[in-house]
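Visitor: Under our numbering, read the sequence shown as residues 795 to 909, first letter to last.
Glycine included, each C-beta is placed from N, C-alpha and C at the ideal position.
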Amino acid sequence: QVQLVESGGGLAQPGGSLRLSCAASGSIFRLSAMGWYRQAPGKERELVATITTTGNTNYADSVKGRFTISRDNAKNTMYLQMNSLKAEDTAVYYCNLKGNSWEYWGQGTQVTVSS
Numbered sequence: 795q796v797q798l799v800e801s802g803g804g805l806a807q808p809g810g811s812l813r814l815s816c817a818a819s820g821s822i823f824r825l826s827a828m829g830w831y832r833q834a835p836g837k838e839r840e841l842v843a844t845i846t847t848t849g850n851t852n853y854a855d856s857v858k859g860r861f862t863i864s865r866d867n868a869k870n871t872m873y874l875q876m877n878s879l880k881a882e883d884t885a886v887y888y889c890n891l892k893g894n895s896w897e898y899w900g901q902g903t904q905v906t907v908s909s
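1) What are the start and end residues of the beta strand (DSSP E) that includes residue 813?
2) Report the three-state DSSP secondary structure of residue 839 (helix, strand or coil).
3) Residue 802 to residue 903, Cα distance in whole Å?
4) Could you check if residue 856 is buried or exposed, using at least 16 other CB atoms within 10 Å of its CB as the buried criterion?
5) Report the residue from 796, 850, 808 and 810 whose alpha carbon sits nearest the alpha carbon of residue 820.
6) On the DSSP bridge list, what partners appear for residue 897?
7) Beta-carbon within less than 7 Å of residue 809's beta-carbon, same chain only, minus the 5 sequence neighbours each way: which residues are those?
8) Taking one C-beta from the region 820-838 and one from the region 883-902 each time, how about it: are there three or more such pairs within less than 8 Å?
9) In whole angstroms, give me the CA-to-CA distance for residue 806 and residue 901.
10) Is the beta carbon of residue 828 closer than 8 Å to that of residue 865?
11) When you compare the CB positions of residue 798 and residue 896, do they come within less than 8 Å of one another, or not?
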């Protein structure tokens with residue numbers, strides 16, 4: 795059983811930065827694609843960014859140039875550096891781990907961008 799634990803959420807001002815982390819238990823981290831998703835109140839969950847096992851990345855248009863996804867296989871940890879935050883980035887952010895025959899989600903971490 796894999797557990798994903800997100801951390802790093804909180805309150806940030808518009809234009810500010812936050813760094814999210816997702817720590818994974820188990821031995822399948824390096825075999826898995828990883829991703830960050832978010833869900834704002836009243837909206838569907840949406841993809842924010844993904845990173846493959848070889849480090850290829852993909853971003854939603856709304857966060858390109860502001861967010862950076864990365865992973866450290868030695869630490870079984872994925873990161874999301876969020877810069878130039880906007881009010882519309884406010885959401886619960888979820889970590890996702892996916893392989894050929896498995897998929898796991900974290901419990902989510904709240905990010906609130908407000909002055």
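Guide: Looking at the atomic coordinates:
1) Counting along the chain, the beta strand (DSSP E) containing residue 813 begins and ends at 812-818.
2) Residue 839 falls in the coil class under three-state DSSP.
3) Their Cα atoms are separated by approximately 8 Å.
4) Exposed: under 16 other Cβ atoms inside 10 Å.
5) Closest option to residue 820, judged by alpha-carbon separation, among 796, 850, 808 and 810: 796.
6) Per DSSP, the beta-bridge partners of residue 897 are 892.
7) Contacts found: 878 and 879.
8) Below 8 Å, enough C-beta pairs join the region 820-838 and the region 883-902 to call them touching: three or more.
9) In this structure, the straight-line span from the alpha carbon of residue 806 to that of residue 901 is close to 20 Å.
10) Closer than 8 Å, so yes.
11) Result no, Cβ atoms of residue 798 and residue 896 do not sit closer than 8 Å.
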